[in-house]
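Sequential numbering of the sequence shown, starting at 307, is according to our numbering.
Ideal Cβ positions, reconstructed from N, Cα and C, are used throughout, including at glycine.
Step one of this worksheet: look at the structure below.
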Amino acid sequence: MERTVKLPRRKFLHLAAGAAALPILPRTASALDYPTRPGRIIVGVPPGSPADIVARLMGQWLLERCGQPFVVENKLGAATNIATEDVVRAPPDGYTLLLVSTPNAISATLYDNLSFNFIRDIAPVAGIVRYPYVMVVNPSVPAKTVPEFIAYAKANPGKINMASVGIGSAAHVFGELFKMMTGVDLVHVPYRSSPYPDLLAGQVQVIFAPVPQVAEDIRAGGLRALAVTTATRVDALPDLPTMAEFVPGYEASAWLGAGAPKNTPGEIIEKLYAAISAAVADPQVKAHLVGLDVEPMPMTPAEFGKLIADETEKWATVIKFANIKPE
C-alpha cells in the first residue's frame with residue numbers, strides 16, 4: 307500500500323519557496339558574470355567579405371569590452387540558412403551569436419522548408435551597419451540616368467540582361483523591386499561565380515551591386531553608375547543620386563546586426579547590445595567601417611527587431627510578385 311508523507315504546512319511552504327528560487331539564482335548570477343568563457347559569432351558568408359570583416363571587428367571589440375574572445379566561424383551554404391540553423395539550435399546562453407543579414411529576411415519567404423522561423427527563433431541584439439547598393443550598367447548601354455534607362459528598357463523589353471550573384475540574393479531582389487516599381491522587363495541572369503567579368507565585357511548589361519565591389523570600376527570608367535539604392539546619398543559616391551529621386555518610394559540596402567538564440571536572458575542581450583553599440587560609436591571603429599564603404603547603423607534590440615520584421619514583409623511582397631523560386 308502506498309504511503310503518503312505529509313509535511314507541516316510551514317515546512318512545505320519553506321521548501322517550495324527554496325525550490326522556486328533555485329533556477330533563478332544561477333541564471334541571475336551567470337547573467338551578471340557573463341561572459342566567463344569564449345564565445346562564437348557564426349557568419350554565413352566567406353572569410354574576407356565585408357560582412358565577415360565587420361564580424362571580426364565586433365569579435366575584437368567584444369574581447370576588449372567584455373574580456374572574452376568571440377571567435378568568428380564561417381558556416382557557408384543555403385543563403386546563410388546553415389549558419390542560422392546552427393545558432394537556432396545553440397544553447398540560449400549568450401555564447402553563440404549570429405551575424406544577422408539581409409538574406410535572413412529574404413530566406414523567410416524564399417524557402418518554405420526551413421526548420422526554423424527566423425523572427426521567432428532568433429532574438430535581435432543590435433544593429434551594426436548598413437551598406438548601400440548601386441545600380442550600374444555596362445557603358446555600352448546608352449542610358450546615363452535612371453529615367454533614360456527606364457525608357458531604354460521599355461523600348462527593348464526582354465533584351466536587357468540583369469545579372470546577380472544568385473537566385474534570391476540581395477542583388478536579385480533589389481533588381482526585382484526595381485522591375486516591379488517601374489514595369490520594365492529585364493532578363494535575370496543568376497551567376498554561381500562572379501558576374502563582374504561578364505558585366506565588364508558587356509555580356510550582361512546591368513546589376514545591382516554593393517558599392518564596395520564596384521566603386522573602383524565606376525571611378526575607372528569600366529562601369530557606369532546610375533543611382534544608389536539607399537534612401538539617402540552615400541559618402542563613397544557623393545554625386546550619385548538616389549533611386550528614390552526618380553522612382554519614389556524605392557529603397558533597398560543590405561544590413562548587418564547581431565542575433566542570439568531565443569530565450570537568451572534579457573540581461574545578457576542588454577550587455578551585448580551595450581558592447582556592440584559602444585563599438586559602432588567608437589571613432590576608430592567608425593573610421594574602419596567607413597573605410598569599408600559601409601555606414602554605422604546603431605539600433606537597440608527593439609529597433610533591430612522592427613527592421614527585421616519590416617524587411618521580411620517587404621521582400622516577401624517582391625518574391626511573391628516576381629514568383630521567385632529557390633535554386
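- In this chain, S583 is not harboured by any beta strand (DSSP E); it is covered by the alpha helix (DSSP H) spanning 572 to 587.
- Contact annotation: G472 and Y439 have beta-carbon atoms that are not nearer than 8 angstroms.
- Counted as a single uninterrupted DSSP element, the alpha helix (DSSP H) harbouring V479 occupies residues 476 to 488.
- Pairing V435 with V540 gives a Cβ-Cβ distance that is not under 8 angstroms.
- Secondary structure at I425: helix, using DSSP grouped into helix, strand and coil.
- Our two residues, V431 and A396, have alpha carbons roughly 16 angstroms apart in a direct line.
- As DSSP reads the structure, V517 sits in no beta bridge.
- Per DSSP, the beta-bridge partners of H494 are M468.
- For T390, the uninterrupted alpha helix (DSSP H) run begins and ends at 387 to 394, by DSSP.
- If you look at S559, you'll find it in the beta strand (DSSP E) that goes 559 to 567.
- Counting along the chain, the unbroken beta strand (DSSP E) around P602 starts and ends at 601 to 605.
- At the C-beta level, G400 and Y340 come within 8 angstroms of one another.
- In this model, L483 and I575 are separated by some 34 angstroms (Cα to Cα).
- One alpha carbon belongs to V479, the other to W367, and they sit about 33 angstroms apart.
- For N410, the enclosing alpha helix (DSSP H) begins and ends at 408 to 416.
- In the displayed model, A542 falls within coil according to three-state DSSP, outside both helix and strand.
- Cα atoms of I347 and R362: separation of roughly 9 angstroms, rounded to the nearest angstrom.
- At a Cβ-Cβ threshold of 8 angstroms, P409 and A385 count as neighbours.
- Within the same chain, and ignoring the five residues on either side of V600 in sequence, the residues whose Cβ sits closer than 6 angstroms to its Cβ are V435, Y437.
- Take F627, set aside five residues on each side of it, and the residues of its chain with a beta-carbon closer than 8 angstroms to its own are E482, M486, in chain order.
- Between V351 and G365, the gap from beta carbon to beta carbon reaches 8 angstroms or more.
- Cβ neighbours of A615 within its own chain (closer than 8 angstroms, five residues either side excluded): I425.
- Following the DSSP letters along the chain, one finds V351 in no beta strand (DSSP E), marked with neither H nor E.
- Classified as exposed, P554 has fewer than 16 neighbouring CB atoms from the shown chains inside 10 Å of its CB.
- Taking E633 as the centre and dropping the five residues before and after it, the same chain places the C-beta of I473 closer than 6 angstroms to its C-beta, in chain order.
- Counting the other CB atoms within 10 Å of its CB gives I513 a total of 16 or more, which places it among the buried residues.
- Secondary structure note for L506: its alpha helix (DSSP H) is the uninterrupted segment 502 to 507.
- Leaving aside the five residues that flank D392 on each side, the residues in its chain whose CB is nearer than 7 angstroms to its CB run, in chain order, I348, K381.
- V452 is positioned such that its CB atom lies no closer than 8 angstroms to that of D427.
- Out of S446, D504, K460, the CA that lies nearest to the CA of S470 is found in D504.
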